[in-house]
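K.L.:
One structure follows; several queries about it will come next.
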Amino acid sequence: MAYDFDTMVERRGTGCSKWDGMDAVFGKKDLLPFWVADMDFRSAPEIIDALREKVAFGVFGYPIMTEAARKAVVDWEFERHQWCVVPSEVDFVPGVVNGLIAAILAFTEPGDGVVVQTPVYPPFFNVIRDNGRRIVENPLVETDDGYLMDLDHLRNVLTPDVKAIILCSPHNPVARVWTKDELAAFAKVCIERNVLVFCDEIHQDLVYSDAKHVPLSLAAPEIDPLLLTLVAPSKTFNIAGLSSSAWIAKDKKIAERMRATLDRLHQSRLNLLGVAALEAAYTKGIPWLEAAMRYLEGNRDFVEAFLREKLPRVRMKHPEGTFIFWLDFRDYGMTGAEIQRVLVHEAGVALNAGVTFGKQGEGFARLNVGCPRGQLEEGMTRIAAAFEKYGK
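The sequence shown begins at 1357 in my numbering and counts up by one.
And the structure:
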């Protein structure tokens, strides 16, 4: 089947955060949005058909989490990532962030330290701070070829009062897909310090042809007694609004404690349409996903070529995964606030401010390329024209 990723879908006026929420964040409504991490593509027809069937049935009572849903997750992880899990190791939560909150409440106490590897997805900070835990930073190391985890520094910050670390794999926003060896080395440190790992693998399916995602549990099975993994079809199939995610724990004690906490929070069940979408995505969505990844890889290649040819002072490490890329504007000598002023008020585009990902993000902005190529080209052209007056 041929899929259309080039046609613009009009999302204004649909209650869409990415398009209708810009005024509240950027102070302007008429921007071209490249911020919120969802895609401007219609989802897979198979998912849309599954939702239509549920809507046509017309009864929207409480759903159960079916064995078919668990099997869909199990089969997906094995077929796409060669990770063998069984249904009893899988359960559900309305979102990955919801799952992280539950994990922090289940496995840590107020005042405990939780590590994040900055720059990193902003809600990681919130789920730690808002629940009375202490943020401990282990900044990534920037090299000419990309970003690395600083395992020596990690050993230093993993003091006895630090109980957990949130691993972003693949990493948002630097678009790194950690290798098996990197993950095994990371796991070794966590085992040495007996620290729990909450592994956010929401971007596991969004990996380009020159990289391969390896689940942490597969890279280092010995970490399983300390590991909780969170996955979802939401980014993969552009269904974030349906709030359907899963968590996987191979250790029975981890699973029992996580399940009890989610039950206490009434967060252990998905909504009716979310269940239908998850099952359809994981059982019928591969052709759409493969086509979408070819298109996104073309978008990645376009951005890399555009920066080389027309915006050389803006640098970007080669993205290995995700559709959200980390643009480095530091060569202009501007503050983050000045960069945002140019982007918003001169270029007319909305990108996430780098500093929201941690202080290491000063001078950066995050670009969402999950959109039609024409929209991406228009946005990049606007950025180049706006920054031209500040020197090429």
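We put the beta carbon where it would ideally sit given N, CA and C, even for glycine. It should be emphasised that the depicted structure is a prediction, and the values quoted were computed from it without experimental measurement.
According to DSSP, C1524 sits in a beta bridge with which residue or residues?
P.N.:
Along the sequence shown, one-based indexing puts residue 1524 at 168. Looking at the DSSP assignment, C1524 forms a beta bridge with D1556.
K.L.:
Sorted by chain position, which residues of the same chain lie with C-beta nearer than 7 angstroms to A1316's C-beta, five sequence neighbours on each side aside?
P.N.:
This structure does not reach residue 1316, given that the chain is present from 1357 up to 1748, and the question cannot be answered.
K.L.:
Nearest-angstrom Cα distance between V1365 and N1487?
P.N.:
Walking along the sequence shown from the start, residue 1365 turns up at place 9. Walking along the sequence shown from the start, residue 1487 turns up at place 131. Distance between the alpha carbons of V1365 and N1487 is about 38 angstroms.
K.L.:
Taking the CB atoms as reference points, tell me whether C1440 and Y1477 lie closer together than 8 angstroms.
P.N.:
What you label residue 1440 is simply residue 84 of the sequence shown in a count that begins at 1. What you label residue 1477 is simply residue 121 of the sequence shown in a count that begins at 1. Contact flag unset, no.
K.L.:
Any Cβ of chain B within less than 8 angstroms of the Cβ of S1565?
P.N.:
This model lacks chain B altogether, as it is built from one protein chain only.
K.L.:
So what's W1682 in DSSP terms, helix, strand or just coil?
P.N.:
Taking the first residue of the sequence shown as 1, we reach residue 1682 at position 326. Strand, per DSSP.
K.L.:
Between the alpha carbons of E1718 and K1427, how many angstroms are there, rounded?
P.N.:
Along the sequence shown, one-based indexing puts residue 1718 at 362. Along the sequence shown, one-based indexing puts residue 1427 at 71. The alpha-carbon atoms of E1718 and K1427 are separated by roughly 43 angstroms.
K.L.:
DSSP on I1491, reduced to helix/strand/coil?
P.N.:
Mapped onto the sequence shown, residue 1491 falls at position 135. Look at I1491 here: in three-state DSSP terms it is strand.
K.L.:
Can you give the Cα-Cα distance for A1602 and V1533, rounded to whole angstroms?
P.N.:
Numbered from its first residue, the sequence shown carries residue 1602 at position 246. Numbered from its first residue, the sequence shown carries residue 1533 at position 177. Roughly 21 angstroms between the two C-alpha positions.
K.L.:
Would the segment 1573-1581 count as touching the segment 1542-1553 if we require 3 or more Cβ pairs under 8 angstroms?
P.N.:
yes
K.L.:
Am I right that P1401 and S1599 are in contact with their C-beta atoms under 8 angstroms? What's the rounded C-beta distance?
P.N.:
Residue 1401 sits at position 45 when you count from the first residue of the sequence shown. Residue 1599 sits at position 243 when you count from the first residue of the sequence shown. So it is not a contact: roughly 21 angstroms between Cβ atoms.
K.L.:
Which whole runs of the alpha helix (DSSP H) in the segment 1525-1595 are 4 residues long or more, in chain order?
P.N.:
1536-1549, 1572-1575, 1590-1593
K.L.:
Can you tell me whether G1726 is helix, strand or coil according to DSSP?
P.N.:
Position 370 of the sequence shown holds residue 1726. If DSSP states are grouped into helix, strand and coil, G1726 belongs with coil.
K.L.:
Would you tell me roughly how many angstroms separate the C-alpha atoms of P1526 and Y1418, rounded to the nearest one?
P.N.:
Here residue 1526 refers to the residue found at position 170 when the sequence shown is read from its first residue. Here residue 1418 refers to the residue found at position 62 when the sequence shown is read from its first residue. Each residue's Cα considered, the two are about 34 angstroms apart.
K.L.:
Rounded to whole angstroms, what is the Cα-Cα separation between G1730 and T1737?
P.N.:
Along the sequence shown, one-based indexing puts residue 1730 at 374. Along the sequence shown, one-based indexing puts residue 1737 at 381. Note on geometry: alpha-carbon atoms of G1730 and T1737 lie some 10 angstroms from one another.
K.L.:
Quick one: what's E1498 bridged to in DSSP?
P.N.:
Here residue 1498 refers to the residue found at position 142 of the sequence shown. Residue pairing by DSSP places E1498 opposite Y1503 in a beta bridge.
K.L.:
Between the Cα of Q1438 and those of V1705, H1569, L1407, spot the shortest distance and give me the residue it belongs to.
P.N.:
For the purposes of this step, residue 1438 is taken as residue 82 along the sequence shown, with counting starting at 1. Nearest C-alpha to Q1438: H1569.
K.L.:
Just list the residues that DSSP pairs A1602 with in beta bridges.
P.N.:
Here residue 1602 corresponds to residue number 246 of the sequence shown, with the count starting at 1. BP columns for A1602 point to F1448, V1587.
K.L.:
Cutting at 7 angstroms between CB atoms, please list the residues of its own chain near N1594, excluding the five before and the five after it.
P.N.:
Position 238 of the sequence shown, counted from the first residue, corresponds to residue 1594. Excluding positions up to five away in sequence, the list reads D1394, M1395, F1397, S1399.
K.L.:
Please state if the CB of F1390 and the CB of L1663 are separated by a distance shorter than 8 angstroms.
P.N.:
The sequence position of residue 1663 within the sequence shown is 307, counting from 1. The sequence position of residue 1390 within the sequence shown is 34, counting from 1. The answer is no: Cβ separation not under 8 angstroms.
K.L.:
On the three-state DSSP scale, how would you describe K1745?
P.N.:
Sequence index remark: in the sequence shown, residue 1745 carries index 389 (1-based). Coil.
K.L.:
In the DSSP assignment, what residue or residues form a beta bridge with F1720?
P.N.:
What you label residue 1720 is simply residue 364 of the sequence shown in a count that begins at 1. Paired residue(s): D1684.
K.L.:
Under a Cβ-count criterion, where at least 16 other Cβ atoms within 10 Å of its own Cβ denotes burial, should M1505 be classed as buried or exposed?
P.N.:
Residue 1505 sits at position 149 when you count from the first residue of the sequence shown. Counting Cβ neighbours within 10 Å, M1505 comes out buried, since at least 16 surround it.
K.L.:
Quick one: what does DSSP say R1671 is sitting in, helix, strand or coil?
P.N.:
Taking the first residue of the sequence shown as position 1, residue 1671 is located at position 315. Note: R1671 maps to strand in three-state DSSP.
K.L.:
State whether the segment 1460-1470 contacts the segment 1628-1647, with contact taken as three or more CB pairs (one from each stretch) at a distance under 8 angstroms.
P.N.:
no
K.L.:
From the DSSP output, which residues share a beta bridge with V1471?
P.N.:
Here the question's residue 1471 lines up with position 115 in the sequence shown. Paired residues: V1492, I1521.
K.L.:
Note the first and the last residue of the continuous alpha helix (DSSP H) segment covering K1609.
P.N.:
As a position in the sequence shown, residue 1609 is number 253, starting the count at 1. Note, K1609: alpha helix (DSSP H), 1608-1621.
K.L.:
Using 10 angstroms around the beta-carbon of V1306, count the other beta-carbons present and answer buried if the total reaches 16, otherwise exposed.
P.N.:
Past the edges of the chain, shown from 1357 to 1748, lies residue 1306, and the structure says nothing about it.
K.L.:
Among all the DSSP beta bridges, which residues are the ones paired with L1388?
P.N.:
As a working note, residue 1388 is residue 32 in the sequence shown. Paired residues: V1705.
K.L.:
May I have the straight-line CA-CA distance separating T1363 from P1728, to the nearest angstrom?
P.N.:
Position 7 of the sequence shown, counted from the start, is the residue given in the question as residue 1363. Position 372 of the sequence shown, counted from the start, is the residue given in the question as residue 1728. T1363 and P1728: Cα-Cα distance of roughly 7 angstroms.
K.L.:
Work out the CA separation of K1673 and A1611 for me, nearest whole Å.
P.N.:
The residue you call residue 1611 lines up with position 255 of the sequence shown. The residue you call residue 1673 lines up with position 317 of the sequence shown. Just so you know, the alpha carbons of A1611 and K1673 end up roughly 37 angstroms apart.
K.L.:
Would a C-beta distance cut-off of 8 angstroms place W1682 and V1530 closer than the cut-off?
P.N.:
The residue you call residue 1682 lines up with position 326 of the sequence shown. The residue you call residue 1530 lines up with position 174 of the sequence shown. Going by C-beta atoms, W1682 is nearer than 8 angstroms to V1530.
K.L.:
Does the Cβ-Cβ distance between A1520 and V1551 come in under 8 angstroms?
P.N.:
Position 164 of the sequence shown, counting from 1, holds the residue named residue 1520. Position 195 of the sequence shown, counting from 1, holds the residue named residue 1551. Yes, the Cβ-Cβ distance between A1520 and V1551 is below 8 angstroms.
K.L.:
Are there 16 or more other CB atoms within 10 angstroms of the CB of A1412, so buried, or fewer, so exposed?
P.N.:
Here residue 1412 is taken as the residue at index 56 of the sequence shown, counted from 1. With fewer than 16 neighbouring CB atoms inside 10 Å of its own CB, A1412 falls in the exposed class.
K.L.:
Mapping the DSSP letters down to three states, classify G1641 as helix, strand or coil.
P.N.:
Within the sequence shown, the letter at position 285 stands for residue 1641. It is coil, neither helix nor strand.
K.L.:
Between I1420, F1416, D1447, which has its C-alpha nearest V1429's C-alpha?
P.N.:
Residue mapping note: residue 1429 aligns to position 73 of the sequence shown, counting from 1. Checking every option, the nearest Cα to that of V1429 belongs to D1447.
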